[in-house]
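Colleague:
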Ligand SMILES: C[S@@+](CC[C@H](N)C(=O)[O-])C[C@H]1O[C@@H](n2cnc3c(N)ncnc32)[C@H](O)[C@@H]1O
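Here it is as structure tokens:
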């Protein structure tokens, strides 16, 4: 399976019409957690099993990974969880616009593809527009969680979010870095990085009360 796809290639720039939440969540009005770049889906599967009164949506640009995650979800008969294929930078907006007010409570972006070269930074999933989109739909006090083992990447991501009017960074025990995954489950990549004994940088942002102004 290909390790990376270029999200800026023509194919991934075509907007997809994502199915409505009512077509796959058994309780479509439950609070929602979106995991961006859900890969093989293990993180959300575990969360969905432990939290039956939440809905979970995994979004992933590599279609075979979505098929694999969906196969596991169906086997477990989980109806508070769904995996969808899309480029979030292109196709998420319309899906969010159909949610109830304050329904989106959490967004996680874990170990996103680093795209190390400066000329490739625009391929990174976390961009100003995406953070603004999340700010527009996240409920007050809703969470945006990011983590990676690459310091330059967390710097890049946190600078974008720190500069966004609608988020406050959570300081825990005097530190801006979280010691562990706040959802008590580790993602696939996180487990790999922990086995290598590498440092992980985790930051939590909370949506403040400022009303979103669409410029
Ligand atoms: C390094 S993996 C991390 C996977 C998982 N979050 C984890 O922590 O184990 C990053 C994932 O983000 C996906 N991805 C990258 N750009 C994306 C985009 N624009 N939209 C949706 N998914 C994307 C990649 O295909 C890949 O599966």
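Numbering (this note's numbering), first residue to last: 799 to 1013. Idealized CB from N, CA, C, for every residue including glycine.
#1: Whose C-beta lies closer than 7 Å to the C-beta of residue 864 among residues of the same chain, with five residues either side of it excluded?
#2: Quickly, what does DSSP pair residue 1010 with across the bridge? List them, please.
#3: Going by beta-carbon coordinates alone, are residue 834 and residue 907 separated by less than 8 Å?
#4: Between 832, 824 and 841, which has its C-alpha nearest residue 983's C-alpha?
#5: Please return the same chain residues whose Cβ sits closer than 7 Å to the Cβ of residue 974, not counting the five positions on each side in sequence.
#6: Just to check my reading of the structure: residue 913 and residue 921 have Cβ atoms closer than 8 Å, yes? What is that Cβ distance to the nearest angstrom?
#7: Closer than 6 Å by C-beta to residue 900: which residues in its own chain qualify, once you throw out the five before and the five after it? Chain order, please.
#8: Consult DSSP for residue 830 and reduce its assignment to one of helix, strand or coil.
#9: Going by the C-beta, is residue 886 closer than 7 Å to any heavy atom of ligand 1?
#10: If distances are taken between C-alpha atoms only, which option among 843, 852, 946 and 986 comes closest to residue 871?
#11: Could you work out which residue in 959, 989 and 986 is closest to residue 1004 when comparing CA atoms only?
Modeller: In short, the structure shows the following:
#1: Cβ neighbours of residue 864 within its own chain (closer than 7 Å, five residues either side excluded): 858, 881, 882 and 883.
#2: Bridge partners of residue 1010: none, in fact.
#3: Yes, the Cβ-Cβ distance between residue 834 and residue 907 is below 8 Å.
#4: The option with the nearest alpha carbon to residue 983 is 841.
#5: Answer for residue 974: 967 and 1001, listed in chain order.
#6: Here residue 913 really is in contact with residue 921; their C-beta atoms are around 5 Å apart, less than 8 Å.
#7: Excluding sequence neighbours, residue 900 sits near 937.
#8: Judged by DSSP in its simplified three-state form, residue 830 adopts strand.
#9: Within 7 Å of the C-beta of residue 886 there is at least one heavy atom belonging to ligand 1.
#10: Of the candidates 843, 852, 946 and 986, the one whose C-alpha sits nearest the C-alpha of residue 871 is 843.
#11: Out of 959, 989 and 986, 959 has the C-alpha closest to the C-alpha of residue 1004.
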